[in-house]
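Undergrad: Residue numbers (this note's numbering), protein chains in the order written: chain Z, 145 to 450; chain X, 145 to 450.
There are 2 protein chains.
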Amino acid sequence: MPVGIGDDAAVVEPERNSLEVVTVDALVDGVHFDRRFTPPEAIGHRALAVSLSDLAAMGAAPRFALLSCVLPPALPLPDFEAFVSGFTALAASCRLHLAGGNLTRSPGPMMVDVTVVGTVKRRRALTRGGARPGDEIFVTGVIGAAAAGLQMLQQNGTPPPAAHSCVTRYLFPVPRVRTGLLLGRNRAASACMDLSDGLADAVRQVAAASGVGAVIDADAIPIDEGARTWFTARGADPVIEAISGGDDYELLFTVGARRRGRLRAARNGGAVTLTRIGVCTGDARVVLRRRGAADEPLPPGFHHFR
Amino acid sequence: MPVGIGDDAAVVEPERNSLEVVTVDALVDGVHFDRRFTPPEAIGHRALAVSLSDLAAMGAAPRFALLSCVLPPALPLPDFEAFVSGFTALAASCRLHLAGGNLTRSPGPMMVDVTVVGTVKRRRALTRGGARPGDEIFVTGVIGAAAAGLQMLQQNGTPPPAAHSCVTRYLFPVPRVRTGLLLGRNRAASACMDLSDGLADAVRQVAAASGVGAVIDADAIPIDEGARTWFTARGADPVIEAISGGDDYELLFTVGARRRGRLRAARNGGAVTLTRIGVCTGDARVVLRRRGAADEPLPPGFHHFR
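#1: Please confirm whether X/Ser-334 has its beta-carbon closer than 8 Å to some beta-carbon of chain Z.
#2: From Z/Asp-178, Z/Gly-244, Z/Met-202, pick the residue whose C-alpha is nearest to that of X/Asp-169; which is it?
#3: For a contact defined as C-beta to C-beta under 7 Å, what are the partners of X/Val-175 on chain A?
#4: Assign X/Gly-426 to one of two classes, buried (16 or more other C-beta atoms within 10 Å of its C-beta) or exposed (fewer than that).
#5: Which residue spans inside the segment 282 to 364 of chain X form an unbroken beta strand (DSSP E) run of at least 3?
#6: What span of residues does the alpha helix (DSSP H) with X/Gly-230 cover, start to end?
#7: Mind reading off the beta-carbon distance from X/Met-202 to Z/Ala-209? Whole number of angstroms is fine, and I expect it under 8 Å.
#8: I need the DSSP call for Z/Thr-425, collapsed to helix, strand or coil.
#9: Does X/Ser-212 get closer than 8 Å to chain Z when you measure Cβ to Cβ?
#10: When you compare the CB positions of Z/Val-156 and X/Val-166, do they come within less than 8 Å of one another, or not?
#11: I believe Z/Leu-418 touches Z/Cys-336 by the beta-carbon criterion, under 8 Å. Please report the beta-carbon distance rounded to the nearest angstrom.
#12: Under 8 Å between beta-carbons, which chain Z residues line up against X/Arg-321? List them in chain order, please.
#13: Which chain X residues sit within Cβ distance under 9 Å of Z/Leu-418?
#14: Does DSSP classify X/Arg-207 as helix, strand or coil?
#15: In the DSSP assignment, find the unbroken alpha helix (DSSP H) run with X/Gly-273 in it and report its ends.
#16: Is there a Cβ from chain Z that is less than 8 Å from the Cβ of X/Gly-337?
#17: Kindly indicate which three-state DSSP category Z/Ala-218 falls into: helix, strand or coil?
#18: Residues of chain Z with CB closer than 7 Å to the CB of X/Thr-376, please, in chain order.
#19: Using a Cβ cut-off of 8 Å (strictly closer), state whether Z/Asp-257 contacts chain X.
#20: Using only the alpha-carbon positions, how far apart do Z/Asp-279 and Z/Val-347 sit?
#21: Kindly indicate which three-state DSSP category X/Glu-440 falls into: helix, strand or coil?
#22: Hey, would you say X/Pro-317 sits closer than 8 Å to X/Asp-391, going by beta carbons?
#23: Skipping 5 residues on each side, what residues in its chain have a beta carbon closer than 6 Å to that of Z/Ala-292?
#24: Is the separation between the beta-carbon of X/Ala-332 and that of X/Val-399 shorter than 8 Å?
#25: Could you give the distance in angstroms between the alpha-carbon of X/Ala-200 and the alpha-carbon of Z/Leu-163?
#26: Check whether the segment 170 to 179 of chain X and the segment 238 to 256 of chain X are in contact - that is, three or more C-beta pairs closer than 8 Å.
#27: Do the CB positions of X/Ala-286 and X/Pro-366 come within less than 8 Å of each other?
#28: Just how far apart, CA to CA, sit X/Pro-444 and X/Asp-341?
#29: Bridge partners of Z/Arg-420, per DSSP?
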């Protein structure tokens, strides 16, 4: 990096023969997280994870980030240090460097704005608009854990002493950087999007951008076991809760029939499960299909607590 | 632009054989501007001008911007539209395109975060650290107008019906994009910084980064005539007010004796005045010199109203 933090701006070397992928996300206390039950490390981790997940959904490799923090006067210094440490730990794990930033005080709530710049090879960028009728719909990992974890935290007020795996999934989501990169590189996916606002929302968005419909098989959806137990114990429908809850940061993607063989490589040696949960159709309907029941419309997407 | 707003991230084509220059700045209502007397167009203009000025100070050409807005629920839609129009008008005048953004509600004050990415040719980036003893210190344009304009607005509460030129300078600062570019391209400047926090602050920062001292000639400082009249009428010292006030967004730069001839080209056909205001020295002192008086230390830099 020719010029670093401390000058008017940072100077970075662009990567050759690549396109750049840029994304910005703002997280506001009381809207996207709640400092009452989110430790500062988790805020720092999440602020970066959200943007990394956007890059993963484009099939891009992260290069550098800019961090802009708006801090309330009452934020203790150790909290700020823990916040930065949560951010930098995730950045280091992706070999992403912090190219610059901005720090300001505010009379309002804590606010974190993260810009991430990545690269993608030409014709390897994944978009939401490439799905065709007949393409199969896949999701990475398991879903619902973050939504259950958030409910646990909201109920308890503070993190439980022995944190439930769902709480960890909510507090420290792992963006699917490597999987997104592999899906783009080998051109396995025809469309891709991350699940920041829930699986139901992602299916709707990909279908709308691609001009297709979708049938989602309720029984095929990979729901986190801890989340299923939690939702069931509260008398809720685990499928509806899992697909309408946000914050999972898994990837939804579509694959044409002739490219299904390419998925093997994208599994990254089995480190990430890829589950077929439905198919794209030629009409405009986006529905959830359960064994022995009439098709139901997908529930609306998740909107952050406000 | 291969992929635009609406997907998970934006994809842009990098410029060949150039380095990238990136900067991010946050503006918070009540800290960096005050919605009570700053019209929404001016907030949009200023949010971008601040970052463009940082790029100018690096000698970089702006390429694209990302705009992240955190809006209070009470913000009327016409105000938001006027804000966006202020932003896009300045962007269009610099041929800068808006590559992406983020929009979120907040229980707190209005907050705008702008990331700008630009390019600079190798070995043409201007930094704060290149000044040497004997280099002459220059400033673009005239200073003090923005500080006077802010005082006028703070006093009146609302913009005066026939806006004073100082008020216009405060509300719609013009970043020195072209001058910065020319200073970098022809290697006229040894160091450069913008005046966002005032001339006194900029001199201190360049001196510290370069390991030099500085003597500023008080009588040479180009003070806006309207600002001088305003400060004098209030019994204040126009020099001290002008160099400690912020928001001018002019450039301070240093030039080695043998490169002074190159300044002619950087004047951009006389569109911008360049004034010699002092010289870098070999000791660590940073002082203001007035005719017939003992050297005095430069006043501290401007810190936004809080």
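C-beta: ideal position from N, C-alpha, C; glycine also.
Every value quoted in this text rests on a predicted model; they were computed, and no experiment measured them.
TA: Short version:
#1: no
#2: Z/Gly-244
#3: Judged by its chain identifiers, the structure shown contains no chain A, and its protein chains are Z and X.
#4: exposed
#5: Runs found: 335 to 338, 357 to 361.
#6: Annotation: the continuous alpha helix (DSSP H) that includes X/Gly-230 extends over 221 to 237.
#7: Your pair X/Met-202 and Z/Ala-209 does not check out as a contact, with CB atoms roughly 19 Å apart and the cut at 8 Å.
#8: strand
#9: yes
#10: With respect to the 8 Å criterion, Z/Val-156 and X/Val-166 are classified as neighbours on the basis of their beta carbons.
#11: In fact, because the Cβ distance is near 12 Å, the residues do not count as touching under 8 Å.
#12: It should be pointed out that residue 321 of chain X corresponds to Val in this sequence rather than to Arg. Near X/Val-321 there are no residues of chain Z at all, since even the closest Cβ is about 13 Å away, more than 8 Å.
#13: The premise fails here: Z/Leu-418 is roughly 18 Å from chain X at the closest Cβ pair, so nothing lies under 9 Å.
#14: Taken through DSSP and simplified to helix, strand or coil, X/Arg-207 comes out as strand.
#15: For X/Gly-273, no alpha helix (DSSP H) encloses it, and the DSSP letter there is neither H nor E.
#16: Here residue 337 of chain X turns out to be Met, not Gly, going by the sequence shown. Yes, X/Met-337 counts as interfacial toward chain Z.
#17: coil
#18: Result: empty, since nearest Cβ-Cβ is about 32 Å, beyond 7 Å.
#19: Cβ-Cβ to chain X under 8 Å: yes for Z/Asp-257.
#20: 13 Å
#21: Reduced to three states, the DSSP call for X/Glu-440 is strand.
#22: yes
#23: Cys-310, Ala-371, Trp-374
#24: Against a cut-off of 8 Å, the Cβ pair of X/Val-399 and X/Ala-332 comes out as a contact.
#25: 24 Å
#26: yes
#27: Correcting the residue identity first, residue 286 of chain X is Val in this sequence and not Ala. It is a contact, given that the beta carbons lie within the stated cut-off.
#28: 10 Å
#29: Z/Phe-282
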